[in-house]
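In the numbering used here, the protein residues as written are 27 to 259.
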């Protein structure tokens, strides 16, 4: 569970909101959910996601030290956060529906060029799964297209976006399948929003439709000061 600000209630920073494109090879978790009133004006508690059956997860493989740095362990109050929020993280959630019938009409080779990777995880320039592709040797996108998802999302694999992400495939039945994407970061503008700006015009966009999601704040772990701060007086 996390506490979520309603739109317009600073200091949580809102950008374009849950619209546009995302994606990759889908991956999943557990479902069920509830929603109730949160403590204090403008807050609500959001539980597990309702009505979605998940499969297996896919996402960042990252060292714990980097995860702390990117998700706010050392976050200060210089950007307007109250004292109880220091050490917390900003979370972005998106429910992205995949146009399965349209996607399945493309050959596996075309799908791999749209994503920018082989289905087994290898890079299109021949680099193995545990190494990084050399985009500099392919400036015109002959091997890895310039509008492929992975190349636009992280054009320099040595300096990935400062966020930790995880995707879960879902299946609601009646052809409604896709990805529930979640990421955590200390700065929304440098993390999620920067990646979304780079993804504008990606080849995968026509297969994706964002149907839900939002921006959330996750309080710091091991410190209950935020509970006392948000309790009605």
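Where is the CB? At the ideal position from N, CA and C, for every residue including glycine.
Treat the numbers as computed from the prediction; the structure is a model and nothing was measured.
Would you decide whether residue i is buried or exposed? Buried here means 16 or more other CB atoms lie within 10 Å of its CB.
i: residue 159; result: buried
i: residue 254; result: exposed
i: residue 127; result: exposed
i: residue 138; result: buried
i: residue 171; result: buried
i: residue 145; result: exposed
i: residue 223; result: exposed
i: residue 184; result: exposed
i: residue 191; result: buried
Please report the residue range of the alpha helix (DSSP H) in which residue i lies.
i: residue 121; result: Note, residue 121: premise wrong, no alpha helix (DSSP H); beta strand (DSSP E) at 115–124.
i: residue 148; result: Note, residue 148: premise wrong, no alpha helix (DSSP H); not H, not E.
i: residue 155; result: Here residue 155 belongs to no alpha helix (DSSP H), and DSSP marks it neither H nor E.
i: residue 234; result: Careful: residue 234 lies outside any alpha helix (DSSP H), inside the beta strand (DSSP E) at 234–244.
i: residue 175; result: 175–179
Where does the unbroken beta strand (DSSP E) through residue i begin, and where does it stop?
i: residue 251; result: Premise fails: residue 251 lies in the alpha helix (DSSP H), 251–256, not in any beta strand (DSSP E).
i: residue 211; result: 203–211
i: residue 112; result: Segment: none, residue 112 is in no beta strand (DSSP E) and carries neither H nor E.
i: residue 260; result: The structure shown does not extend to residue 260, since the chain is modelled only from 27 to 259, so the question has no answer here.
Inspect the beta-carbon positions of residue i and residue j and report whether they are closer than 8 Å.
i: residue 213; j: residue 246; result: no
i: residue 140; j: residue 204; result: no
i: residue 193; j: residue 207; result: yes
i: residue 252; j: residue 110; result: yes
i: residue 155; j: residue 210; result: no
i: residue 179; j: residue 225; result: yes
i: residue 196; j: residue 118; result: no
i: residue 182; j: residue 164; result: no
What's the gap between the Cα of residue i and the Cα of residue j?
i: residue 238; j: residue 120; result: 6 Å
i: residue 116; j: residue 232; result: 28 Å
i: residue 67; j: residue 143; result: At residue 67 the pLDDT is 36, less than 50, meaning the model places this residue with poor confidence; the figure from the coordinates comes in the next sentence. Cα-Cα distance, rounded: 46 Å.
i: residue 135; j: residue 169; result: 12 Å
i: residue 198; j: residue 125; result: 14 Å
i: residue 202; j: residue 107; result: 38 Å
i: residue 167; j: residue 256; result: 51 Å
i: residue 130; j: residue 147; result: 19 Å
i: residue 248; j: residue 113; result: 10 Å
i: residue 215; j: residue 157; result: 28 Å
i: residue 219; j: residue 200; result: 32 Å
i: residue 133; j: residue 250; result: 52 Å
i: residue 258; j: residue 161; result: 54 Å
Between the segment 164–175 and the segment 220–232, do at least 3 Cβ pairs fall closer than 8 Å?
Flag = yes, the segment 164–175 and the segment 220–232 touch.
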